[in-house]
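In this note's numbering, the protein residues as written are 22 to 192. Yeah, the Cβ is synthetic: ideal placement off N, Cα and C, and Gly gets one too. Down below is the structure, laid out as structure tokens.
In structure tokens form, the structure reads like this:
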């Protein structure tokens, strides 16, 4: 049996522009599992979290190496689906290598939750995915995946995406 999860990663204003309640209704009907909103401050997430819960859509928290244990505990208490562990401080995008602090962050998060902890931001190679698999429950590859598709020949986008996924996961 194959299990598919569907998450949307987007900026807060885009959801409010659509209409948060309307978006969540449409998203829930179409099978969306959760939202990842990197610019949603945790201290201001109550309304979005409540709306998501009412529509059966997870709001995925992002926790960074700079997160305090109090912030981690708060995020874990209100989380569903999984915890998104940001491997570096700064913006998303393909990088060379992972921060040495990410394994420590994953261990700190796991003290507060049984949810899966996935690591993202700067994850772009098979080596990154293999390293993450040693201490986390999964890896999120975003920018590197999109770059690979964007740089593919016209009409070859799906093949390129499939090949990249195989490169990241084959053993």
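Three-state secondary structure assigned by DSSP to residue i
{"i": "residue 144", "result": "coil"}
{"i": "residue 48", "result": "helix"}
{"i": "residue 160", "result": "strand"}
{"i": "residue 33", "result": "helix"}
{"i": "residue 116", "result": "The predicted position of residue 116 is uncertain, since its pLDDT is 48 and thus under 50; a value taken from the coordinates is nonetheless stated next. Coil, per DSSP."}
{"i": "residue 57", "result": "strand"}
Residue i and residue j closer than 9 Å at C-beta
{"i": "residue 163", "j": "residue 185", "result": "no"}
{"i": "residue 195", "j": "residue 56", "result": "The requested residue 195 does not occur in the structure, where the chain is confined to residues 22 to 192."}
{"i": "residue 45", "j": "residue 67", "result": "no"}
{"i": "residue 150", "j": "residue 106", "result": "no"}
{"i": "residue 69", "j": "residue 41", "result": "yes"}
{"i": "residue 154", "j": "residue 166", "result": "no"}
{"i": "residue 85", "j": "residue 63", "result": "no"}
{"i": "residue 28", "j": "residue 47", "result": "no"}
{"i": "residue 108", "j": "residue 123", "result": "yes"}
Which residues DSSP lists as bridging residue i, in chain order
{"i": "residue 69", "result": "Looking at the DSSP assignment, residue 69 forms no beta bridge with any residue, so it has no partner."}
{"i": "residue 232", "result": "With the chain running from 22 to 192 in the structure shown, residue 232 is simply not present."}
{"i": "residue 79", "result": "55"}
Residue i Cβ short of 8 Å to the ligand PLP heavy atom set
{"i": "residue 125", "result": "For the ligand PLP, the structure offers nothing, since it holds no ligand at all."}
Inset, instruction - Give a yes or no on contact between the segment 68-83 and the segment 99-111, applying the rule of three or more CB pairs nearer than 8 Å. - result: These segments touch.
Inset, instruction - Could you say if the segment 167-175 and the segment 125-132 meet the contact criterion of at least three C-beta pairs nearer than 8 Å? - result: Using a Cβ-Cβ distance cut-off of 8 Å, the segment 167-175 and the segment 125-132 are not in contact, since fewer than three pairs of beta carbons, one from each stretch, lie closer than that value.
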